[in-house]
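Peer 1:
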Amino acid sequence: MESSTPRTTVGTTGTPVTLDAIDRALIHALEIDGRAPFARIAGVIGVSEQTVARRYRRLRGTGVARVVGLANPQRLGLTTWVVRIRSTPDAAFAIAEALARRRDTSWVELTSGGTEISCVARLGSNADADNLLRHTLPRTPKVVDITAQCVLHIAHGGPMSWREKSAWLTPDQVAELDPGHGPLNHDLDTGPSGVTPTEADTRLFEQLARDGRSGYAELASAAGQSESWVRRRMDELRRERLLFFELDADPAALGHRTTAALRMSVPPSHLADVLAKLSLHPEVVFAAATTGATNVIAVACFRDETELYGYLTTRIAALTRVTSVETTTVFRLLKREGAILTTLRPTGAR
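Position one of the sequence shown corresponds to residue 36 (the working numbering), numbered consecutively onward.
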């Protein structure tokens, strides 16, 4: 468990904010159910509803944490690609900006000291993949190399919380907040859903991606439907595993200023075992099997580079079936869970 001592940090807006035990408990509670009423959270963690509402507004306003509602790409028939782009150093930021503006990218970051770009794209068809990976990126000036890996299986990530590993709430408190939907099962929640998304659903998803705690009146306005329709539809989408809620928190603001991507090679006969062990590591945010020369990717957060070194030489070293590891650290994050975190220059600006 992490220390309960209050600490001052800085969110993505650059505003200093002090996080204490109440903030940490609220973060954990929203990981369990991002739509939980503030009154219920207040009762569980032992403070007033007004305190919970005020604390959440501060976390969101300073860029420390926000609830987002996300569509399950697997149930929508989307394929997730992890794309790595090497370019000349003078062009990397401009390429990353262009990728961040695309609606089909969810994460965009500069890595390796700002000389490479890594992005996650969710593409709906082979034609979409062909357009981005074989036409748009290769024809972009100053792109030197492109590596695209298809995500085959997600072992940990999304609604399966990283911050829950810190145990800021007790098991009894967690049980009180459990909405009963259960975490997404990345083995079973695949293939087409029994629900066909409509244009109204698309508008609903877009609003929830901006603010997962949007009120029903705001959601109804965005979807062009009644509040009663929104309530019924959200329940249906969650039951069908088409919609889930996640707390998108800034690791640096929570004291983890070093984020690393580890690309590993593992014999297929040991993939499941290695992924299961990675998922239990407190540092790991995301772990998945992919196509490509390296077939496992893990994203992990650390307080600093010294802690990353210790992780590589102990926990990763203990995974004897891992035959090779390449580590890159995030230099600058431009887009996270669909939200652009950097003020982008106008298109065409130099």
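In this text, a Cβ means the ideal position worked out from N, Cα and C, and glycines have one as well. Predicted, not measured: the structure shown is a model, and the values here were computed from it.
Between glycine 149 and serine 263, what straight-line distance do the alpha-carbon atoms span, to the nearest angstrom?
Peer 2: 48 Å
Peer 1: Please report how far the alpha carbon of valine 87 lies from the alpha carbon of proline 206, in whole angstroms.
Peer 2: 20 Å
Peer 1: Could you spell out where the beta strand (DSSP E) holding valine 334 opens and where it closes?
Peer 2: 331-337
Peer 1: Applying the criterion that 16 or more other CB atoms from any shown protein chain within 10 Å of the CB defines a buried residue, is glycine 247 buried or exposed?
Peer 2: buried
Peer 1: Using only alpha-carbon positions, find the residue among Ala164, Ile62 and Ile76 that is nearest to leucine 212.
Peer 2: Ile76
Peer 1: Using the Cβ count rule (16 or more neighbours within 10 Å means buried), how would you classify asparagine 161?
Peer 2: Counting of Cβ neighbours within 10 angstroms places asparagine 161 among the exposed residues, the total staying below 16.
Peer 1: Measure the Cβ-Cβ separation of valine 155 and serine 141 and say whether it is below 8 Å.
Peer 2: yes
Peer 1: When burial is assigned at 16 or more other CB atoms within 10 Å of the CB, is alanine 252 buried or exposed?
Peer 2: exposed
Peer 1: Please classify tyrosine 344 as buried or exposed, where buried requires at least 16 other C-beta atoms within 10 Å of its C-beta.
Peer 2: exposed
Peer 1: Exposed or buried, what is leucine 315 when buried is set at 16 or more other beta-carbons lying within 10 Å of its beta-carbon?
Peer 2: exposed
Peer 1: Counting only runs that start and end within the region 77-108, where is the beta strand (DSSP E) found for 3 or more residues in a row?
Peer 2: 100-106
Peer 1: Using the beta-carbon count (16 or more within 10 Å), is arginine 268 buried or exposed?
Peer 2: buried
Peer 1: In the region 295-361, which residue ranges form an unbroken alpha helix (DSSP H) of at least 4 residues, counting only runs that do not cross its ends?
Peer 2: 306-315 and 340-346
Peer 1: Taking all protein chains shown into account, decide if lysine 370 is buried (16 or more other Cβ within 10 angstroms of its Cβ) or exposed.
Peer 2: buried
Peer 1: What I want to know is whether the C-beta of alanine 74 ends up closer than 7 Å to one or more non-hydrogen atoms of the ligand SAH.
Peer 2: Only the bare structure without any ligand can be found here, which leaves the ligand SAH out of the picture.
Peer 1: Please determine if the region 293-312 and the region 325-341 are in contact, where contact requires at least 3 C-beta pairs separated by less than 8 Å.
Peer 2: Below 8 Å, enough C-beta pairs join the region 293-312 and the region 325-341 to call them touching: three or more.
Peer 1: Return yes when the Cβ of phenylalanine 280 is within less than 8 Å of the Cβ of arginine 70, no when it is not.
Peer 2: yes
Peer 1: Are at least three pairs of beta-carbons, each pair with one atom in the region 350-361 and one in the region 127-144, less than 8 Å apart?
Peer 2: no
Peer 1: Cβ atoms of alanine 257 and arginine 238: under 8 Å apart, would you say?
Peer 2: yes
Peer 1: Answer yes or no: do alanine 190 and alanine 335 have a C-beta to C-beta separation smaller than 8 Å?
Peer 2: no
Peer 1: So is proline 214 buried or exposed if we call it buried at 16+ other beta carbons inside 10 Å?
Peer 2: exposed
Peer 1: Taking the straight line between their C-alpha atoms, what separation do you get for proline 176 and isoleucine 332?
Peer 2: Taking the straight line from one Cα to the other gives about 28 Å.
Peer 1: Using alpha carbons as the reference points, say which of Ile130, Ala324 and Asp58 lies closest to arginine 174.
Peer 2: Ile130
Peer 1: Can you tell me which of the three DSSP states glutamate 211 falls into?
Peer 2: helix
Peer 1: So what does DSSP say about glutamate 253, is it helix, strand or coil?
Peer 2: helix
Peer 1: Can the beta-carbon of arginine 95 be found closer than 8 Å to that of arginine 101?
Peer 2: Yes, they are a contact pair.
Peer 1: Give me the Cβ distance between valine 82 and serine 122, rounded to the nearest whole Å; I'm assuming they're in contact under 8 Å.
Peer 2: Actually they are not in contact, since the Cβ atoms of valine 82 and serine 122 sit about 49 Å apart, beyond 8 Å.
Peer 1: Taking 8 Å as the limit between beta carbons, can you name the residues of its chain near aspartate 222, skipping five residues before and five after?
Peer 2: Note on aspartate 222: pLDDT 49, under 50, position unreliable in the model; the coordinate value appears next. Answer for aspartate 222: His188, listed in chain order.
Peer 1: What do you reckon, are the CB atoms on glutamate 361 and arginine 298 nearer than 8 Å?
Peer 2: yes
Peer 1: Let's see if you can read the secondary structure: which residues bound the beta strand (DSSP E) around leucine 278?
Peer 2: 278-284
Peer 1: According to DSSP, what are the bridge partners of arginine 110?
Peer 2: Paired residues: none, contrary to the question.
Peer 1: Of the residues Pro232, Leu145, Trp116 and Ile80, which one's Cα is nearest the Cα of alanine 183?
Peer 2: Trp116
Peer 1: Once the 5 residues before and after alanine 255 are set aside, which same chain residues still bring their CB inside 8 Å of it?
Peer 2: Ser261, Glu262, Trp264 and Val265
Peer 1: Since serine 153 sits in a beta bridge, which residues does DSSP pair it with?
Peer 2: Arg119 and Glu144
Peer 1: How would you call aspartate 165, buried or exposed, if buried means at least 16 neighbouring beta carbons within 10 angstroms?
Peer 2: exposed
Peer 1: Where does the unbroken beta strand (DSSP E) through histidine 63 begin, and where does it stop?
Peer 2: Per DSSP, histidine 63 lies in no beta strand (DSSP E); the unbroken alpha helix (DSSP H) holding it starts and ends at 56-67.
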